[in-house]
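Residue numbers (my numbering), protein chains in the order written: chain X, 1 to 292; chain F, 1 to 264.
The C-beta atom is built at its ideal place from N, Cα and C for all residues, glycine as well.
Read the structure below first, then the notes.
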Amino acid sequence: MSEIAFWGAVELGLVYAFVGLGVYLSFRILDFPDLTVDGSLPLGAAVAAVLILAGVAPWPATLAAMVAAGCAGLVTATLNVKFKILHLLASILTMIALFSINLRVMGRPNVAIINEPTVLTPFYGLGLSDYLVRPAVLFVFVAIAVVLLTAFLGSNFGLAMRATGANARMARAQGIRTQFHIYAGIALSNALVGLAGALFAQTNGFADVTAGVGTIVVGLAAVIVGETLLPSRRIALALIGCVIGSVLYRIAIQLALSADVIGLKASDLNLATAVLVAVALILPRLRKGGRT
Amino acid sequence: MIRIENLGVTFSRGTPLETRALRGIDLTISSGEFVTVIGSNGAGKSTLLSAVAGDTPVSDGRILIGERDVTKWSTARRAGLVARVFQDPLAGSCGNLSIEENLALAAARGHRRGLGPALSAERREIFHERVSELGLGLENRLNDLMNLLSGGQRQSLALIMATLSPSEVMLLDEHTAALDPGMAEFVLDLTERLVAERKLTTMMVTHSMRQALDVGTRTIMLHEGRIVLDVAGDMRAGLTTDDLVAMFRKVRGQDLEDDSLLIE
């Protein structure tokens with residue numbers, strides 16, 4: 001694997017670290033398997049790309065992408081909380097709907113913003129090569145997100161959200177409005193995924209309507225790899241684990257694809273990811289002695 | 001103070017499975033009173049507590065806690081007035097959160113939960129002090145996960161959690177029933193101590209006639225959703241468990257007669 005390919009993998013891993021953090025919030029904190037992310041990632045990319053093309057400054061465009069994706073999360077949460085639709089099904093409904101919405105937002109399946117200003121533009125030309133600037137800047141963004149999320153989950157509000165996912169009955173008895181915390185948590189989770197989408201579009205120079213396929217599995221892979229490497233119940237370490245997991249996952253995939261011996265093609269990526277996540281989910285159970 | 005007026009709870013209303021769990025309960029509990037609630041299975045003890053807590057919707061009547069009509073309030077909204085300990089030790093706390101995180105959740109009961117840190121130095125100090133009261137050594141394990149603890153330890157902490165924030169009434173739903181006899185006694189002693197120290201208004205459901213008379217200041221017996229016995233003071237002091245069992249038999253016996261009349 002070339003140096004450029006390596007840093008490319010790190011860059012993509014850091015973009016998807018936001019997906020890992022979002023999926024950690026929904027899956028682990030709220031115990032809410034949320035497949036909306038397969039739609040909210042391309043939604044974030046689409047909103048950011050279209051707004052940047054329309055002349056909106058990159059940061060407001062990125063913020064708008066996060067708000068749009070957060071709203072998609074609110075739709076899923078409403079279907080589940082208010083109308084009692086099973087969380088998985090509720091999120092699949094939103095995800096399917098988002099495919100059409102994303103096409104409407106972009107007006108076509110693919111929008112290029114290769115020559116447009118992005119949130120990274122100010123950092124180019126400061127002496128570092130472009131292929132190093134992107135991972136460096138993304139790393140700073142991710143680090144800020146981890147610090148903010150750690151503080152959030154350690155606050156009274158965040159702790160109430162964790163209790164909502166861990167023991168909803170107890171949470172209500174302690175005066176926690178569990179439904180509100182599901183809305184807030186799923187919205188925040190999707191906003192993070194939307195941010196990943198917006199950054200994906202700006203680092204790769206395009207938004208594509210099919211970019212979201214398998215987002216949930218990639219996010220889960222990051223969470224699980226992170227938990228395996230950093231088995232800690234401290235929130236800060238768990239979040240750092242998601243980031244490391246996401247980057248390592250991308251490097252592993254890049255290695256597998258560039259090793260001609262294995263004979264994998266880029267199109268085998270989804271199969272490889274699914275197998276990886278399945279194995280990671282099965283292993284801990286086997287270790288416990290086969291108990292389910 | 002809490003006032004329950006003509007409280008009725010009906011499950012599956014309008015269906016063949018319709019069950020009238022509570023049939024017109026009238027009960028006023030003054031501040032500082034400690035009421036023990038007994039009755040056979042299905043008498044409505046837990047339904048009564050659950051209606052006061054807000055978990056069970058009320059069909060008739062109303063519930064006032066500290067002069068506020070809370071009949072239509074959600075569980076979460078009432079939580080500022082109502083402290084609870086459940087029968088199942090696993091139900092009252094989050095197993096995958098630490099002891100101090102659980103305490104922090106309870107300390108914020110009845111308060112707005114903002115973005116300030118849940119575990120401030122000031123709170124940790126209070127937690128350490130309150131948990132030391134137990135004498136179980138748990139104050140040195142505040143960072144341990146809750147699910148590392150035994151049922152008795154969890155129930156003891158649940159009582160501390162229930163008393164971290166002020167309440168108008170504390171509801172204990174057979175909170176010693178799942179514990180071994182030694183631990184059950186420990187938790188019961190702790191209950192009496194906390195209630196006395198903090199002058200808490202308390203309702204405690206129990207299966208044990210002995211507990212019902214030994215603990216608290218007033219005893220009510222439920223049968224088929226009605227209060228069939230309500231004793232306090234000297235009259236209660238003179239009662240023995242045998243008397244209670246006799247009364248228990250009597251109300252059940254009357255039932256049988258009623259039934260036989262119906263059949264005829």
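Do the region 178 to 189 of chain X and the region 159 to 170 of chain X meet, that is, are 3 or more Cβ pairs less than 8 angstroms apart? Short answer: they touch.
Using the beta-carbon of each residue, which ones in chain F are nearer than 9 angstroms to X/S155? What X/S155 touches in chain F: R113, G114, L115, G116, P117 and A118.
My guess is that F/F127 and F/L103 are in contact by the Cβ rule of under 8 angstroms, so how many angstroms apart are they, rounded? That belief holds up - the Cβ atoms of F/F127 and F/L103 are roughly 5 angstroms apart, short of 8 angstroms.
Classify F/L115: buried if its beta carbon has 16 or more other beta carbons within 10 angstroms, exposed otherwise. By the 10 Å Cβ count, F/L115 comes out exposed.
Give the single residue among F/P117, F/L222 and F/L188 whose Cα lies nearest to the Cα of F/G152. The shortest Cα separation from F/G152 among F/P117, F/L222 and F/L188 belongs to F/L188.
Looking only at its own chain, which residues have a Cβ that is under 7 angstroms from the Cβ of F/R62, when we skip the five neighbours before and after it? Taken in chain order, the residues that qualify are E5, D69 and T71.
Can a CB atom of chain F be found closer than 8 angstroms to the CB of X/N115? At a cut-off of 8 angstroms between C-beta atoms, X/N115 does not count as an interface residue with respect to chain F.
X/A77 versus X/V218 - alpha carbon distance: Each residue's CA atom was taken as its position, placing X/A77 and X/V218 some 22 angstroms apart.
Pick helix, strand or coil for F/M204, following the three-state DSSP scheme. F/M204 falls in the strand class under three-state DSSP.
Output yes or no for whether 8 angstroms exceeds the beta carbon distance between X/G39 and X/A65. Their beta carbons are not under 8 angstroms apart, which means X/G39 does not touch X/A65 by this criterion.
What are the complete beta strand (DSSP E) segments, minimum 3 residues, inside the region 126 to 200 of chain F? Taking 3 residues as the shortest admissible run, the region 126 to 200 of chain F contains the following complete beta strand (DSSP E) segments, listed from N- to C-terminal end: 169 to 173.
Would you mind sorting F/T201 into buried or exposed? The rule is 16 or more other CB atoms within 10 Å of its CB. Burial call: buried.
Would a check of beta-carbon distances place F/L97 closer than 8 angstroms to chain X? Proximity of F/L97 to chain X, defined by a Cβ-Cβ separation below 8 angstroms, is satisfied.
Test: F/R154 CB closer than 8 angstroms to a CB of chain X: No, because no Cβ of chain X sits closer than 8 angstroms to the Cβ of F/R154.
Contacting residues, own chain, Cβ-Cβ under 7 angstroms from X/A72 (five flanking each side not counted): Within its own chain, the residues whose Cβ lies closer than 7 angstroms to the Cβ of X/A72, once the five positions on either side in sequence are excluded, are T36, G39, S40, L43, T94, L98 and N190, listed in chain order.
Would you say the region 162 to 176 of chain X touches the region 15 to 23 of chain X, given that touching needs at least three Cβ pairs under 8 angstroms? Contact fails: fewer than three Cβ-Cβ distances are below 8 angstroms.
Cβ atoms of X/S246 and X/A5: under 8 angstroms apart, would you say? The answer is no: Cβ separation not under 8 angstroms.
Please report how far the alpha carbon of X/I262 lies from the alpha carbon of X/A90, in whole angstroms. So the two alpha carbons sit approximately 39 angstroms from each other.
Can you tell me whether X/H181 is helix, strand or coil according to DSSP? Looking at X/H181 - three-state DSSP - the assignment turns out to be helix.
Measure the C-alpha to C-alpha separation of F/E192 and F/G216 and round it to an integer number of angstroms. One C-alpha to the other measures close to 8 angstroms.
Runs of beta strand (DSSP E) wholly within the region 168 to 255 of chain X (minimum 3 residues, chain order): Counting only runs of 3 or more residues that sit fully inside the region 168 to 255 of chain X, the beta strand (DSSP E) segments are 206 to 208, in chain order.
Pairwise C-alpha distance: X/G241 and X/F83: One C-alpha to the other measures close to 35 angstroms.
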